[in-house]
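A.B. asks:
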Amino acid sequence: DLELESIKITKDKESKTYNSSWKDILEKGQKQFDDYLSRIKEKNISEGLNNLN
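In terms of the numbering used here, the sequence shown opens at residue -8 and continues consecutively.
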């Protein structure tokens, strides 16, 4: 498992970094990151199965 220690958000060339003291933001970022990794894994599995045919 990968666990985020901080999140850096950039908007209009302005950046802000959030760390563990911003628990709610870090938890939301962790969920989004986990979902992203899950989609990558599913895509790789699907492509691998398609390559078997």
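Beta carbons are placed, not taken as given, at the ideal position from N, Cα and C, and that holds for glycine.
Helix, strand or coil, according to DSSP, for residue 5 in the structure here?
C.D. replies: Mapped onto the sequence shown, residue 5 falls at position 14. Strand, per DSSP.
A.B. asks: I think residue -5 touches residue 17, with their Cβ atoms under 8 Å apart; what is that distance to the nearest whole Å?
C.D. replies: Translated into the one-based positions of the sequence shown, residue -5 becomes position 4. Translated into the one-based positions of the sequence shown, residue 17 becomes position 26. 6 Å between Cβ atoms; contact.
A.B. asks: Grab me the residues of residue 21's own chain with a C-beta within less than 6 Å of its C-beta, minus the 5 sequence neighbours each way, in chain order.
C.D. replies: For the purposes of this step, residue 21 is taken as residue 30 along the sequence shown, with counting starting at 1. Around residue 21: -5.
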